[in-house]
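Have a look at the structure below, then the notes.
There are 2 protein chains.
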Amino acid sequence: MGTIVDLPSVLPQQRQQAILDRLTKDGRVIAAELAQMFQTSEDTIRRDLRELAARGLCQRVYGGALPISPAAATPAVVRRGAATGRKQALGATLAGLVQPGQFVFIDAGTTNLAAARRLPDGVTVATHDPLIAAELVGRTGIDLILLGGRVDPQSGAALGLTALRAALEMRPDLLLLGACALDAANGLGTFGLDDAEMKRQLINGAGAVIAAVTTDKLGTGAPYIVGPTDILSDLVVEADAPDHALQGLAAIGVRIHRAERAEAD
Amino acid sequence: MGTIVDLPSVLPQQRQQAILDRLTKDGRVIAAELAQMFQTSEDTIRRDLRELAARGLCQRVYGGALPISPAAATPAVVRRGAATGRKQALGATLAGLVQPGQFVFIDAGTTNLAAARRLPDGVTVATHDPLIAAELVGRTGIDLILLGGRVDPQSGAALGLTALRAALEMRPDLLLLGACALDAANGLGTFGLDDAEMKRQLINGAGAVIAAVTTDKLGTGAPYIVGPTDILSDLVVEADAPDHALQGLAAIGVRIHRAERAEAD
DNA sequence: CACATTCCTGCCTGATTTTGCAGGATTGGG
DNA sequence: CCCAATCCTGCAAAATCAGGCAGGAATGTG
Numbered sequence: 026m027g028t029i030v031d032l033p034s035v036l037p038q039q040r041q042q043a044i045l046d047r048l049t050k051d052g053r054v055i056a057a058e059l060a061q062m063f064q065t066s067e068d069t070i071r072r073d074l075r076e077l078a079a080r081g082l083c084q085r086v087y088g089g090a091l092p093i094s095p096a097a098a099t100p101a102v103v104r105r106g107a108a109t110g111r112k113q114a115l116g117a118t119l120a121g122l123v124q125p126g127q128f129v130f131i132d133a134g135t136t137n138l139a140a141a142r143r144l145p146d147g148v149t150v151a152t153h154d155p156l157i158a159a160e161l162v163g164r165t166g167i168d169l170i171l172l173g174g175r176v177d178p179q180s181g182a183a184l185g186l187t188a189l190r191a192a193l194e195m196r197p198d199l200l201l202l203g204a205c206a207l208d209a210a211n212g213l214g215t216f217g218l219d220d221a222e223m224k225r226q227l228i229n230g231a232g233a234v235i236a237a238v239t240t241d242k243l244g245t246g247a248p249y250i251v252g253p254t255d256i257l258s259d260l261v262v263e264a265d266a267p268d269h270a271l272q273g274l275a276a277i278g279v280r281i282h283r284a285e286r287a288e289a290d
Numbered sequence: 026m027g028t029i030v031d032l033p034s035v036l037p038q039q040r041q042q043a044i045l046d047r048l049t050k051d052g053r054v055i056a057a058e059l060a061q062m063f064q065t066s067e068d069t070i071r072r073d074l075r076e077l078a079a080r081g082l083c084q085r086v087y088g089g090a091l092p093i094s095p096a097a098a099t100p101a102v103v104r105r106g107a108a109t110g111r112k113q114a115l116g117a118t119l120a121g122l123v124q125p126g127q128f129v130f131i132d133a134g135t136t137n138l139a140a141a142r143r144l145p146d147g148v149t150v151a152t153h154d155p156l157i158a159a160e161l162v163g164r165t166g167i168d169l170i171l172l173g174g175r176v177d178p179q180s181g182a183a184l185g186l187t188a189l190r191a192a193l194e195m196r197p198d199l200l201l202l203g204a205c206a207l208d209a210a211n212g213l214g215t216f217g218l219d220d221a222e223m224k225r226q227l228i229n230g231a232g233a234v235i236a237a238v239t240t241d242k243l244g245t246g247a248p249y250i251v252g253p254t255d256i257l258s259d260l261v262v263e264a265d266a267p268d269h270a271l272q273g274l275a276a277i278g279v280r281i282h283r284a285e286r287a288e289a290d
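Residue numbers (the working numbering), protein chains in the order written: chain B, 26 to 290; chain X, 26 to 290.
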């Protein structure tokens, strides 16, 4: 290893693939290291890493990059309690957009779990996430409909054919989309094949689509594309979301809602 | 242990992840120790710990950090129906009757929830109870299948046509029946119309049927009859169950299992 | 062949992040 | 009560970063 091959021109694609290989092999890459290895400037490497991150193939961090977001790699149960501070605030704002009397489909995800906790009475809820369903069981004043199917360990929700078929029959007024990466260029993305298919189906049948995105998922892509950004009617972001990432969205008619600043974190 | 690896340079994020790993592995971390391990100043470590604590991923203490309290990590609702000591004991015994490799249908109920918690790895589980599903999400080694439908507020599980239809397609090796009243004369009973229908359907398709009954439900009837007692292959009862109620059952070939005595209720 | 376009690259500039250190406050044990 | 360890705050240096700009190679077009 460590052999520095002197190729007159290494194609960018080839270099990016090599970076990915090294990433899966070593579990991390360091920008300065890669620059030396490819005999190029760190700027070029940084551009590569930025692009790979935008495509959802790695997670950009200060000094280099790590394999795809630990959030996607760690099973749902570990993330279960992760809805602290920031996500609570997001969830509260999200729940505030739901009106009594509506039929709401709640997609999987910890942010949506936080939203479910603060849902007003009088709504009908459908979900394929057992964690969210568990949260709403026993809430008098909320009609709960569960979607079945094999539960995907990664997303923690029922996916696959059975769930899809059930989703086909739903025409919710509102869809709370979860666990998305959002990028003006790439649109809405997610981390699982079946998850993406499910989201597409849900979007199709929903009257309005609302997504909540944490700041770290703003401006990054994901391996599977769900759809363009203009399918969103509303977007909930954190208090510290950078304006430049939102301007394009507001321009195409997406209503932007800022969550209140979380006390900690 | 204690091996100090020569890390050329560790990315900050990577270091924080490593701290978390160590935290879950050792159950605690010490700031001074980490500083030496990562060849960095204690200030940096302290900053890491502060940040992780702010994100709710650990609990900051004097000298280092501890894992987040498991109690705080589980959602309130999952604990809401927390089984009492008696039901814990029943559930444990129930779970002991499940063998790896089996396909088990777990009916609704808090006793079954307790059983789900102690299920061995390697089983495939189907359920229509979101609380039970929530408990098993993220259990690597357990395949989870969720049944959909409208969630009945009384039983807290998906019932009705949709759930029934899904149940029709299942042929589990084992059925853990829940929330039943058991009487030699009237047979197995339950408290909801749809619930009874669902149970009948499940029993039809199951290879073996096991029920767990608390002592107060032994020898009493219920509004809706599910079926005769001889459909049971096994019955789990509490340590203080009166013999006279069990004799008739043993006579018709039901295997009786007594749970260990619970310390408190 | 001439020209425009596109893509990749390196360099520059100002902004952001990380880090170690100093000084003072806080905590825990004896 | 005292002392040492630990902690937090602010600060400055260094590393890293993003965006803009220009040069050069490759490609496409007339």
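Backbone N, C-alpha and C define an ideal beta-carbon position, used for all residues, glycine too.
Nothing here was measured: the structure is a model prediction, and the numbers come from that model.
Residue 238 (chain B) and residue 215 (chain B) look like a contact to me (Cβ under 8 angstroms); what is the Cβ gap, rounded to whole Å?
-> For this step, residue 238 (chain B) is matched to residue 213 along the first sequence. For this step, residue 215 (chain B) is matched to residue 190 along the first sequence. That belief does not hold up - the Cβ atoms of residue 238 (chain B) and residue 215 (chain B) are roughly 11 angstroms apart, past 8 angstroms.
Would you be able to state if there are at least three C-beta pairs under 8 angstroms between the region 228-242 of chain X and the region 196-213 of chain X?
-> In short, these stretches touch, since the Cβ pair count reaches three.
Environment of residue 217 (chain B) [buried if 16+ CB atoms lie within 10 Å] | For this step, residue 217 (chain B) is matched to residue 192 along the first sequence. That one is buried.
Does the beta carbon of residue 118 (chain X) fall short of 6 angstroms from some heavy atom of the ligand SAH?
-> As presented, the structure is devoid of all ligands, the ligand SAH included, so that no description of it is given.
Sort out for me which residues DSSP pairs residue 89 (chain B) with in a bridge.
-> Within the first sequence, the letter at position 64 stands for residue 89 (chain B). Residue 89 (chain B) pairs with B:55, B:86.
Residue 130 (chain X) vs residue 149 (chain X) beta-carbon contact at 7 angstroms | Position 105 of the second sequence, counted from the start, is the residue given in the question as residue 130 (chain X). Position 124 of the second sequence, counted from the start, is the residue given in the question as residue 149 (chain X). No, Cβ-Cβ distance for residue 130 (chain X) and residue 149 (chain X) is not below 7 angstroms.
Chain B contact for residue 39 (chain X) (CB, 7 angstroms cutoff) | Mapped onto the second sequence, residue 39 (chain X) falls at position 14. Output row for residue 39 (chain X): interface = yes.
From residue 279 (chain X) to residue 213 (chain X), what distance separates their C-alpha atoms?
-> Your numbering for residue 279 (chain X) matches position 254 in the second sequence. Your numbering for residue 213 (chain X) matches position 188 in the second sequence. Going by the C-alpha atoms only, they are around 13 angstroms apart.
With DSSP as the reference, label residue 147 (chain X) as helix, strand or coil.
-> On the second sequence, residue 147 (chain X) is found 122 positions in, with the first residue counted as 1. Coil, per DSSP.
Residue 153 (chain X): which of X:229, X:75, X:224 sits nearest, CA to CA?
-> In the second sequence, counting from the first residue as 1, residue 153 (chain X) sits at position 128. Considering only alpha carbons, the answer is X:224.
Residues of the region 214-243 of chain B with a CB closer than 8 angstroms to any CB of chain X: list them in chain order, please.
-> none
Could you have a look at residue 244 (chain X) and say whether DSSP puts it in helix, strand or coil?
-> As a first step, residue 244 (chain X) must be located in the second sequence, where it is residue number 219. Coil.
Using a Cβ cut-off of 7 angstroms, pull out every chain X residue sitting near residue 35 (chain B), in sequence order please.
-> Position 10 of the first sequence holds residue 35 (chain B). By Cβ distance, chain X contributes nothing, its closest Cβ being about 23 angstroms from residue 35 (chain B), past 7 angstroms.
Own chain partners of residue 117 (chain X) with C-beta closer than 8 angstroms, once the 5 adjacent residues on each side are dropped = Within the second sequence, numbered from 1, the residue matching residue 117 (chain X) stands at position 92. So the list reads 139, 140, 143, 284, 285, once near-sequence residues are dropped.
State the start and end residues of the unbroken beta strand (DSSP E) segment that holds residue 204 (chain X).
-> Residue 204 (chain X) sits at position 179 when you count from the first residue of the second sequence. Premise fails: residue 204 (chain X) is in no beta strand (DSSP E) and is neither H nor E.
Could you tell me the distance, in whole angstroms, from the CA atom of residue 188 (chain B) to the CA atom of residue 263 (chain B)?
-> Working through the first sequence from its first residue, we reach residue 188 (chain B) at position 163. Working through the first sequence from its first residue, we reach residue 263 (chain B) at position 238. Taking the straight line from one Cα to the other gives about 31 angstroms.
Are the C-beta atoms of residue 44 (chain B) and some chain X residue less than 7 angstroms apart?
-> The sequence position of residue 44 (chain B) within the first sequence is 19, counting from 1. So no, residue 44 (chain B) is outside the interface.
Taking only beta-carbon positions, decide if residue 261 (chain B) is within less than 7 angstroms of chain X.
-> Numbered from 1 along the first sequence, position 236 holds the residue referred to as residue 261 (chain B). No - not a single Cβ of chain X is within 7 angstroms of the one on residue 261 (chain B).
According to DSSP, is residue 184 (chain B) helix, strand or coil?
-> Against the first sequence, residue 184 (chain B) aligns to sequence position 159. Strand.
Which chain X residues are close to residue 172 (chain B), counting only those with a beta carbon under 7 angstroms from its beta carbon?
-> If you number the first sequence from 1, residue 172 (chain B) lands on position 147. The contacting residues are 173.
At a Cβ threshold of 7 angstroms, is residue 181 (chain B) touching chain X?
-> For the purposes of this step, residue 181 (chain B) is taken as residue 156 along the first sequence, with counting starting at 1. So yes, residue 181 (chain B) belongs to the interface.
Chain B residues whose Cβ lies nearer than 9 angstroms to that of residue 69 (chain X) | As a position in the second sequence, residue 69 (chain X) is number 44, starting the count at 1. The premise fails here: residue 69 (chain X) is roughly 13 angstroms from chain B at the closest Cβ pair, so nothing lies under 9 angstroms.
Coil, strand or helix - residue 270 (chain X) by DSSP | Here the question's residue 270 (chain X) lines up with position 245 in the second sequence. Note: residue 270 (chain X) maps to helix in three-state DSSP.
What three-state label does DSSP hand residue 170 (chain X) in the structure shown?
-> In the second sequence, counting from the first residue as 1, residue 170 (chain X) sits at position 145. Looking at residue 170 (chain X) - three-state DSSP - the assignment turns out to be strand.
Measure from the alpha carbon of residue 123 (chain X) to the alpha carbon of each residue in X:60, X:110, X:137, then state which is nearest.
-> What you label residue 123 (chain X) is simply residue 98 of the second sequence in a count that begins at 1. Ranking the options by Cα distance to residue 123 (chain X), first place goes to X:137.
So is residue 155 (chain B) in contact with chain X if we call contact Cβ pairs under 7 angstroms?
-> In the first sequence, counting from the first residue as 1, residue 155 (chain B) sits at position 130. Judged by the 7 angstroms Cβ criterion, residue 155 (chain B) is in contact with chain X.
Can residue 132 (chain X) and residue 184 (chain X) be called in contact, C-beta distance under 7 angstroms?
-> Within the second sequence, residue 132 (chain X) is the residue found at index 107, counting from 1. Within the second sequence, residue 184 (chain X) is the residue found at index 159, counting from 1. Not in contact: residue 132 (chain X) and residue 184 (chain X) (Cβ atoms no closer than 7 angstroms).
Can you list the residues of chain B that residue 48 (chain X) reaches, using a CB-CB cut of under 9 angstroms?
-> For the purposes of this step, residue 48 (chain X) is identified with residue 23 of the second sequence, where counting begins at 1. Going along chain B, no residue has its Cβ under 9 angstroms from residue 48 (chain X), so there is no contact; the nearest lies around 12 angstroms.
Between residue 246 (chain B) and residue 134 (chain B), which are expected to be in contact by the criterion C-beta below 8 angstroms, what is the C-beta distance as a whole number of angstroms?
-> Residue numbering aside, residue 246 (chain B) sits at position 221 when the first sequence is read from its first letter. Residue numbering aside, residue 134 (chain B) sits at position 109 when the first sequence is read from its first letter. Not quite, the Cβ-Cβ distance comes to about 17 angstroms (not below 8 angstroms), so this is no contact.
Contacting residues, own chain, Cβ-Cβ under 8 angstroms from residue 103 (chain X) (five flanking each side not counted) | Position 78 of the second sequence, counted from the start, is the residue given in the question as residue 103 (chain X). Reliability fails at residue 103 (chain X), whose pLDDT of 48 lies under 50, so the model's placement of it is uncertain and the value that follows must be treated cautiously. The residues are 156, 159, 160.
Please decide whether residue 115 (chain X) counts as near chain B, where near means a Cβ-Cβ distance under 7 angstroms.
-> To locate residue 115 (chain X), count along the second sequence from 1; it is residue 90. Answer no: the Cβ-Cβ gap between residue 115 (chain X) and chain B never drops below 7 angstroms.
Which residues in the same chain have their Cβ closer than 8 angstroms to the Cβ of residue 99 (chain B), if we skip the five residues on either side of it in sequence?
-> Counting from one through the first sequence, the residue named residue 99 (chain B) turns up at place 74. With a pLDDT of only 46 at residue 99 (chain B), under the threshold of 50, the placement of this residue in the model should not be trusted; the figure read from the coordinates follows. For residue 99 (chain B), where only same-chain residues beyond five positions count, there are no Cβ hits under 8 angstroms.
Determine, using beta carbons only, whether residue 91 (chain B) and residue 47 (chain B) come nearer to each other than 7 angstroms.
-> Taking the first sequence and counting its residues from 1, the one referred to as residue 91 (chain B) is at position 66. Taking the first sequence and counting its residues from 1, the one referred to as residue 47 (chain B) is at position 22. No.
Indicate the three-state DSSP secondary structure (helix, strand or coil) for residue 68 (chain X) in the structure shown.
-> Counting from one through the second sequence, the residue named residue 68 (chain X) turns up at place 43. Correct three-state label for residue 68 (chain X): helix.
What are the residues that DSSP puts in a beta bridge with residue 176 (chain X)?
-> Here residue 176 (chain X) corresponds to residue number 151 of the second sequence, with the count starting at 1. Beta-bridge pairing links residue 176 (chain X) to X:183.
List the residues of chain B that residue 144 (chain X) touches, going by C-beta distances under 9 angstroms, in chain order.
-> As a working mapping, residue 144 (chain X) is identified with position 119 in the second sequence. Going along chain B, no residue has its Cβ under 9 angstroms from residue 144 (chain X), so there is no contact; the nearest lies around 14 angstroms.
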